[in-house]
Structures are given as structure tokens and as C-alpha cells.
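Beneath this line is the structure, given in C-alpha cells, with notes to follow.
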Amino acid sequence: MLQILGQGGVLTLAAIGLLAWGFARVLDAPRWSGRAILLALVLVALAGLLLLPPEAPFRQSVQGTVRFALVAGIVAVPVLVYRRGLRRLRARRAPAAAPAGITGHTVLVDETRALAADLDAALDSAPPQRLGLVHRAADGGLLAGAAVTLTGSRATLAPLWWDEAADSAEVVAPLLDAAAAEARRRGAHLLAAETGLPRIARALIAQGFTRTETGPPQRLIRELP
80 MLQILGQGGV LTLAAIGLLA WGFARVLDAP RWSGRAILLA LVLVALAGLL LLPPEAPFRQ
140 SVQGTVRFAL VAGIVAVPVL VYRRGLRRLR ARRAPAAAPA GITGHTVLVD ETRALAADLD
200 AALDSAPPQR LGLVHRAADG GLLAGAAVTL TGSRATLAPL WWDEAADSAE VVAPLLDAAA
260 AEARRRGAHL LAAETGLPRI ARALIAQGFT RTETGPPQRL IRELP
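In my numbering, the protein residues as written are 80 to 304.
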């Protein structure tokens, strides 16, 4: 084989390698066969340098290829090192990626979690208070009623109901005033109500409530002085 290559050059060796690689692909050879072919080509080139006479074209071609590879390596290595260092420097200066699910905001995740934990602990340490208010007729019949849930500084009326025939001034207003007074006494600053009945929502608005959700159920709030 060296005698054949002695009259050729590196291109002849490369052509033989490509032909062998093509046969390996056609025959579905194992993956390591490509590396084996490359290793064989390198060994043949080294053998040519050691065994062929100095005037042989193949030896001269291999020597020229080796010199070119050395010069190309001397030029390419500093360029690759510079590009890798520049990439690392840019990565250090680049802003950190936003946490998943958070966009368009600057958020300290650890502080947010700590705040949420503090709020949960505060709510757990102060369980909701519940009480009921009713307004009865002279005969004992129920005219109006509300369940009041106090959580922190908020008191919520739900469920809330009164008879359609109930007088607003004599039944509804006293019921809401009693709820507001009890909520203030227990430290609440906001009175909220939930109802699925439009007539009750309209009456609450007439009593100074503001609708926050149209529902159903409708939600309304009123600040306590």
C-alpha cells in the first residue's frame, strides 16, 4: 500500500478513507468503524513518514500537510481561547433570568415567600370569628338574618337575607348597623357582603356599599369609620 501511495499524496489517502467510510455506511458497520478508519489513515501517514524515502511524493505531501496543520493550530488556538473567554465574560455580565412564572416585574422571591409565610402564620394564629345576627317580628317570625365572619380587619356578611316585605328603615338598616357596630368592636375596618339576590344587592348599595364583583354571587364592601 505504501508503494501505491508513494506516487500519490494526502489526497489519495483521503480518497481511500472516504471510499472505506462509504462501504462501512452501506454495510451498516458499527459506529466505531469510522474511528477505526481514521486511526488507520493516521497510522498509514506515519508509516509513510518513517519508511518512504525523502524524495517520495507521498512523504513530501504528508510533511506539507503536517506543517500546514501546525501553523493552522498555532493560529486557531488563541482565537478559540479568546472566543471562549469572551463568551464567559458576557455570561457573567448578563442579567439573571427571571424566575418561572414571573415576567415584567422585579421580585425578590425569597422575600416574597417569607412574607407569605408570615401572613399565613398570622392568619393561623388568629382563627376567624363567626357570629349570627337576626331580626324577628313581634310574633317571633324571622324577618332578616346574617352570618358574620371576621378575619383580621375584615368582616363578611354571608349568607345575608331578609324578607321581601321587610321595611328597609326598620329592618335592613338596623341589621346592617348592628353588624357594623359588632365588627368595629372586634377590630374590623371593612364590612363586606356576598349575595346572589339582586334586590339585596340594590338595598346594600342604598346603604352605602360599593359593588366589587357582579358575580353571581355579587360582592360588595363598605369601609367602617
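Ideal Cβ positions, reconstructed from N, Cα and C, are used throughout, including at glycine.
Residue i - partner residues in DSSP beta bridges
| i | result |
| --- | --- |
| A223 | H214 and W241 |
| R290 | L299 |
| T144 | DSSP lists no partner for T144. |
| T274 | Q297 |
| T228 | R209 and T235 |
| L269 | R233 and E302 |
Straight-line gap, residue i to residue j (C-alpha atoms, nearest Å)
| i | j | result |
| --- | --- | --- |
| V158 | R146 | 19 Å |
| R215 | L254 | 11 Å |
| A103 | G113 | 8 Å |
| A135 | W111 | 32 Å |
| A170 | R162 | 12 Å |
| A259 | D218 | 26 Å |
| G143 | D107 | 35 Å |
| L229 | A244 | 29 Å |
| L97 | L168 | 41 Å |
Other residues of its chain near residue i: CB distance less than 7 Å, five sequence neighbours each side excluded
| i | result |
| --- | --- |
| I181 | Bear in mind that the predicted position of I181 carries a pLDDT of just 47, short of 50, making it unreliable; the figure below should be weighed with that in mind. None. |
| V250 | H214, L222, A223 and W241 |
| W100 | G113 and I116 |
| R292 | A quick correction: the sequence has Glu, not Arg, at residue 292. Taken in chain order, the residues that qualify are R298. |
| A282 | S247 and V251 |
Residue closest to residue i, alpha-carbon to alpha-carbon, out of the options
| i | options | result |
| --- | --- | --- |
| A223 | E134, A272, T235 and D246 | D246 |
| G220 | D242, G231, L276 and P238 | D242 |
| A248 | Y161, L229 and A285 | A285 |
| G275 | S232, A244, L122 and A237 | A237 |
| A271 | V123, E292 and I300 | I300 |
| G127 | A217, S140, L118 and L117 | S140 |
| L117 | A108, A93, P133 and R167 | A93 |
| T235 | R281, R278 and F288 | F288 |
| V227 | E261, G101 and A252 | E261 |
| G294 | V105, P277, T230 and L269 | P277 |
| L303 | S232, R166 and R290 | S232 |
Cβ shell of residue i (< 8 Å), same chain only, five flanking positions each side left out
| i | result |
| --- | --- |
| A257 | L212 |
| G164 | none |
Residues near residue i by beta carbon distance below 6 Å, same chain, minus five either side
| i | result |
| --- | --- |
| L280 | Sequence inspection shows Ala at residue 280; the Leu mentioned does not correspond to that position. For A280, where only same-chain residues beyond five positions count, the Cβ hits under 6 Å are T274 and Q297. |
Any 3 or more C-beta pairs closer than 8 Å across the stretch 250-268 and the stretch 204-221: yes
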